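K.L.:
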Amino acid sequence: MICWGELNSCAIFIDQVTSDRCDCLRDKCIRDYAPEKRIMVRRYHLNHVIDHAHGQLETQLMELDSILSIRTIPHDIQYDAQNKQAMDRMAQRLIELGFDVELVDVGAKEEGTPAHYMIFADYFSTPAKNVMLIYGHIDVLPVPESDPWLYPPFSLTQKNEKLYGRGLTNSKGPLMCWIQAIDAWMTQTNDLPVNIKFIIDGNSNVSLQLLRDVFEQRKQFFQPVDLLVSTTNLWIAENVPMLTTCHSGYVKFELEVQSEPPPKEAKDKCPPPQCECGLQRDPMSDLCLLLNTLTDTKQGILVKGLHRHLLPVTQQDWDIFCQVELGIQEYKRRTGATTLPHEQSHPEFLKHRWCMPSLTLHSVKCPPKVSTQSFRIPKQVSALFSVKLVPNQSYRYVKFAVKDHLDQHYKRLKCKNPTYLRVLDQLAPSKQPRNATFNVAAIRAYKSTYNVTAAIPDTVNVCMPIINELRRNCMKHTQVVGLPFCSMHMLPHQANESCTIEEYQRNIELFATYLYEIAHVPAECKCTDIPDFCYTKGKATETDFIRTLEPRDNNTHVLYEIGEMEIDRTANVDSVLPNVKQILLGKDNSAQSLV
Ligand SMILES: [Zn+2]
Ligand SMILES: [Zn+2]
1 MICWGELNSC AIFIDQVTSD RCDCLRDKCI RDYAPEKRIM VRRYHLNHVI
51 DHAHGQLETQ LMELDSILSI RTIPHDIQYD AQNKQAMDRM AQRLIELGFD
101 VELVDVGAKE EGTPAHYMIF ADYFSTPAKN VMLIYGHIDV LPVPESDPWL
151 YPPFSLTQKN EKLYGRGLTN SKGPLMCWIQ AIDAWMTQTN DLPVNIKFII
201 DGNSNVSLQL LRDVFEQRKQ FFQPVDLLVS TTNLWIAENV PMLTTCHSGY
251 VKFELEVQSE PPPKEAKDKC PPPQCECGLQ RDPMSDLCLL LNTLTDTKQG
301 ILVKGLHRHL LPVTQQDWDI FCQVELGIQE YKRRTGATTL PHEQSHPEFL
351 KHRWCMPSLT LHSVKCPPKV STQSFRIPKQ VSALFSVKLV PNQSYRYVKF
401 AVKDHLDQHY KRLKCKNPTY LRVLDQLAPS KQPRNATFNV AAIRAYKSTY
451 NVTAAIPDTV NVCMPIINEL RRNCMKHTQV VGLPFCSMHM LPHQANESCT
501 IEEYQRNIEL FATYLYEIAH VPAECKCTDI PDFCYTKGKA TETDFIRTLE
551 PRDNNTHVLY EIGEMEIDRT ANVDSVLPNV KQILLGKDNS AQSLV
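In full-length UniProt numbering, the protein residues as written are 1 to 595.
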């Protein structure tokens, strides 16, 4: 096909196999269409999808069983083969559904270290749809002999309309629900209503530093993501799922104390090692004194001004705290704690757990040369601690406050040893308004599936390190939503992890519905962030928006196009028309009329 382009000046021969539009015709973009015109999925599609999904129960449970039966226990080289097998199976399933899949071993490549696989999967339908990234992991906790499991944990047991199995609710079960919801859409519409990406993690408890490089190398994978979704266990009451929309940030500090160099005149008579103690304050004592000034059991964080910029807990949040049915006793039992701060009042306890910043000491390090049996004094010690940030704390201010606090106490405690405070890592907290588009979509999905109203808190934060790592790589305006899975009774990570068959099916329906609701949020053009994103070719053929919806309207300057087959005929037509010379010289009457 020859393109005559704008003002009849292009005349490029286009190979229709590789592209069906010439570059010169790029005069239309998603943002040129009214929002309602960008939506391509209809209600009856969803009805067919749900009907189909409900009809597949037996196959769905068989598939679930096959993935629960694989012992995907990380950190243990004897399960390497099983971990690989599970990942291969997930990858294969996604490929069958039309995804482009990359299976990566992101583990440290040392002898004897267990492998760590991760799947990056991508289904790109058309740029006119939203892009959603689903995170899930398939590793599970090992099952100790002492765990009172009623049924074999590493297979799916059906008993009295209930399902049991390790990983059923976190997060093999949710992942299978997504895959089965996607399967239903694929079967019914031959396409997906949303562009979907998966990151499936084979080991969710790994050093994030390791993952950072892996994510860095896949910048394009994250770039177009509009929505990042994970599943949570936050059905806070029988009829109340709580969406998570706020994510805490952090600043990670390292405090290092080195021993004071001896004064010059004392250098010659430097005391022998065995009588070093007591002469001057050693670095470790200084470090402990300084760390002690940071927190205390009664008041929590002692750093002045750290609570500045905190969003106040709203009435909406208090209402949510009062609805939470998980009691403090239950929480103690789960975590093994005997006393908890603020346990006198349940809402107060939840406020401190969910809405307030906190300071945590992680480790104290000496150089490895210093053996613990020796009486030698370490010359250099350091400690790691971090501050959890909640909206709208600024990490710049927190860094200042912590440094200022340590400075003052350094003077007050008459420390002499040179001390350094370093910031190792930082991330700002993120918060979305209650009525952000994908939150509203989730509310609608829960309403139509369960007939419940999902709670959206204003200041409740969840701290999920992996989600933080993922959102660091996405766009600034990427929304992050945590969808509560199943019910409040599912006992994730515990013995007899379970849900009912009906709950499992409902979740497939929920996810299928959520995809439909997301498809009803008009996609935005991303061409400013990703050049020419609107012209990326996707897998959609019949419903591809850019190519089928009035691809060239009346305002374009395109005059006409000629198919390859027509070229000969047009050559003849050409000879009838006057040539340029005739027109200019005006020797032909018909030519003059053209001028
Ligand atoms: Zn052209
Ligand atoms: Zn665009």
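Don't be surprised by glycine CBs; every beta carbon is placed ideally from N, CA and C.
Remember, predicted model here, so these are calculated numbers, not experimental data.
1) Answer yes or no: do Ala428 and Gly249 have a C-beta to C-beta separation smaller than 8 Å?
2) Would you mind sorting Pro193 into buried or exposed? The rule is 16 or more other CB atoms within 10 Å of its CB.
3) Using only the alpha-carbon positions, how far apart do Glu96 and Pro142 sit?
4) Less than 8 Å between the beta carbons of Leu302 and Ala401, yes or no?
5) So, Cys177 versus Phe511, is the Cβ gap smaller than 8 Å?
6) When you compare the CB positions of Val41 and Tyr516, do they come within less than 8 Å of one another, or not?
7) Ligand 2 heavy atoms versus the CB of Val533: any closer than 7 Å?
8) Tell whether a beta-carbon distance below 8 Å holds between Val390 and Cys366.
9) Can you tell me whether Trp166 is helix, strand or coil according to DSSP?
10) What residue range is occupied by the uninterrupted alpha helix (DSSP H) comprising Lys332?
11) Quick check: is any heavy atom of ligand 2 less than 7 Å from the C-beta of Cys525?
12) I need the DSSP call for Ile30, collapsed to helix, strand or coil.
13) With C-beta atoms as the reference, is Lys379 less than 8 Å away from Gln217?
14) May I ask which residues mark the beginning and end of the alpha helix (DSSP H) holding Gln78?
15) Can you tell which of Leu61, Thr528, Ile196, Gln344 has the C-alpha that lies nearest to the C-alpha of Tyr514?
16) Excluding the 5 residues preceding and the 5 following His342 in the sequence, name in chain order all residues of the same chain whose CB lies nearer than 7 Å to its CB.
17) Applying the criterion that 16 or more other CB atoms from any shown protein chain within 10 Å of the CB defines a buried residue, is Gln393 buried or exposed?
18) Please report how far the alpha carbon of Val381 lies from the alpha carbon of Val364, in whole angstroms.
19) Ligand 2 heavy atoms versus the CB of Arg38: any closer than 7 Å?
20) Are the region 155 to 175 and the region 29 to 46 touching by the rule of at least three beta carbon pairs closer than 8 Å?
21) Which residues bound the beta strand (DSSP E) around Met475?
22) In whole angstroms, give me the CA-to-CA distance for His75 and Lys109.
23) Does the CB of Arg353 have a neighbour CB from chain B at under 8 Å?
24) Can you check DSSP and say which residues form a bridge with Gln380?
25) Can you tell me the Cα-Cα spacing of Leu424 and Asp147, whole angstroms?
26) According to DSSP, simplified to helix, strand and coil, what is Tyr535?
27) Have a look at Ala128 and Leu491 and give me their C-alpha separation to the nearest angstrom.
28) What number of angstroms, rounded off, separates the C-alpha of Thr500 from the C-alpha of Asn468?
29) Starting from the Cα of Lys539, find the closest Cα among Asn190, Ile138, Tyr504 and give me that residue.
30) Roughly how far, in whole angstroms, is the beta-carbon of Pro241 from the beta-carbon of Tyr446, given that I think they are within contact range, below 8 Å?
31) Would you mind stating whether Gly136 and Ile200 have Cβ atoms separated by less than 8 Å?
P.N.:
Inspection of the coordinates gives the following:
1) What you label residue 428 is simply residue 428 of the sequence shown in a count that begins at 1. What you label residue 249 is simply residue 249 of the sequence shown in a count that begins at 1. Going by C-beta atoms, Ala428 is nearer than 8 Å to Gly249.
2) Position 193 of the sequence shown, counted from the first residue, corresponds to residue 193. Pro193 should be labelled buried.
3) On the sequence shown, residue 96 is found 96 positions in, with the first residue counted as 1. On the sequence shown, residue 142 is found 142 positions in, with the first residue counted as 1. Distance between the alpha carbons of Glu96 and Pro142: 30 Å.
4) As a working mapping, residue 302 is identified with position 302 in the sequence shown. As a working mapping, residue 401 is identified with position 401 in the sequence shown. Contact flag unset, no.
5) The residue given as residue 177 occupies position 177 in the sequence shown. The residue given as residue 511 occupies position 511 in the sequence shown. It is a contact, given that the beta carbons lie within the stated cut-off.
6) Walking along the sequence shown from the start, residue 41 turns up at place 41. Walking along the sequence shown from the start, residue 516 turns up at place 516. A contact, by the Cβ cut-off of 8 Å.
7) Numbered from 1 along the sequence shown, position 533 holds the residue referred to as residue 533. Checking the displayed sequence, the identity of residue 533 turns out to be Phe instead of Val. For ligand 2, at least one heavy atom lies less than 7 Å from the Cβ of Phe533.
8) If you number the sequence shown from 1, residue 390 lands on position 390. If you number the sequence shown from 1, residue 366 lands on position 366. Cβ distance not < 8 Å, so Val390 and Cys366 don't count as in contact.
9) The sequence position of residue 166 within the sequence shown is 166, counting from 1. First, the amino acid is wrong: residue 166 is Arg here, not Trp. In this structure, Arg166 counts as coil in the three-state DSSP scheme.
10) Locating residue 332 in the sequence shown gives position 332, counting from the first residue. Run containing Lys332: 328 to 335, per the alpha helix (DSSP H) assignment.
11) Along the sequence shown, one-based indexing puts residue 525 at 525. Answer for Cys525: yes, Cβ within range of ligand 2.
12) For this step, residue 30 is matched to residue 30 along the sequence shown. Helix at Ile30.
13) Counted from its first residue, the sequence shown places residue 379 at position 379. Counted from its first residue, the sequence shown places residue 217 at position 217. Taking 8 Å as the Cβ cut-off, Lys379 and Gln217 do not qualify as a contacting pair.
14) Position 78 of the sequence shown, counted from the first residue, corresponds to residue 78. Here Gln78 belongs to no alpha helix (DSSP H), and DSSP marks it neither H nor E.
15) Here residue 514 corresponds to residue number 514 of the sequence shown, with the count starting at 1. Ranking the options by Cα distance to Tyr514, first place goes to Ile196.
16) Reading the sequence shown from its first residue, position 342 is the one you call residue 342. If you ignore the 5 residues before and after His342, its C-beta comes within less than 7 Å of the C-beta of Glu348, Phe349, His352, all in its own chain and listed in chain order.
17) Mapped onto the sequence shown, residue 393 falls at position 393. Around the beta carbon of Gln393, 16 or more other beta carbons lie within 10 angstroms, which makes this residue buried.
18) Numbered from its first residue, the sequence shown carries residue 381 at position 381. Numbered from its first residue, the sequence shown carries residue 364 at position 364. Taking the CA atoms as reference points, Val381 sits about 7 Å from Val364.
19) Your numbering for residue 38 matches position 38 in the sequence shown. In this structure, Arg38 has its beta carbon at no less than 7 Å from each heavy atom of ligand 2.
20) no
21) Residue numbering aside, residue 475 sits at position 475 when the sequence shown is read from its first letter. If you look at Met475, you'll find it isn't in any beta strand (DSSP E); DSSP assigns it neither H nor E.
22) Working through the sequence shown from its first residue, we reach residue 75 at position 75. Working through the sequence shown from its first residue, we reach residue 109 at position 109. If I take the Cα positions, the gap works out to 14 Å.
23) Checking the listed chains, one finds no chain B in this structure; it contains a single protein chain.
24) As a first step, residue 380 must be located in the sequence shown, where it is residue number 380. DSSP lists Gln258 as partners of Gln380.
25) Counted from its first residue, the sequence shown places residue 424 at position 424. Counted from its first residue, the sequence shown places residue 147 at position 147. If you take the alpha carbons of Leu424 and Asp147, they lie about 39 Å apart.
26) In the sequence shown, the residue the question calls residue 535 occupies position 535. Looking at Tyr535 - three-state DSSP - the assignment turns out to be helix.
27) The residue given as residue 128 occupies position 128 in the sequence shown. The residue given as residue 491 occupies position 491 in the sequence shown. If I take the Cα positions, the gap works out to 40 Å.
28) Indexing the sequence shown from 1 puts residue 500 at position 500. Indexing the sequence shown from 1 puts residue 468 at position 468. Those two C-alpha atoms are separated by around 31 Å.
29) Here residue 539 refers to the residue found at position 539 of the sequence shown. Measuring from the Cα of Lys539, the nearest candidate turns out to be Asn190.
30) Your numbering for residue 241 matches position 241 in the sequence shown. Your numbering for residue 446 matches position 446 in the sequence shown. That pair is a contact at about 6 Å.
31) Here residue 136 refers to the residue found at position 136 when the sequence shown is read from its first residue. Here residue 200 refers to the residue found at position 200 when the sequence shown is read from its first residue. Yes; because the gap between Cβ atoms is below 8 Å, this pair is in contact.
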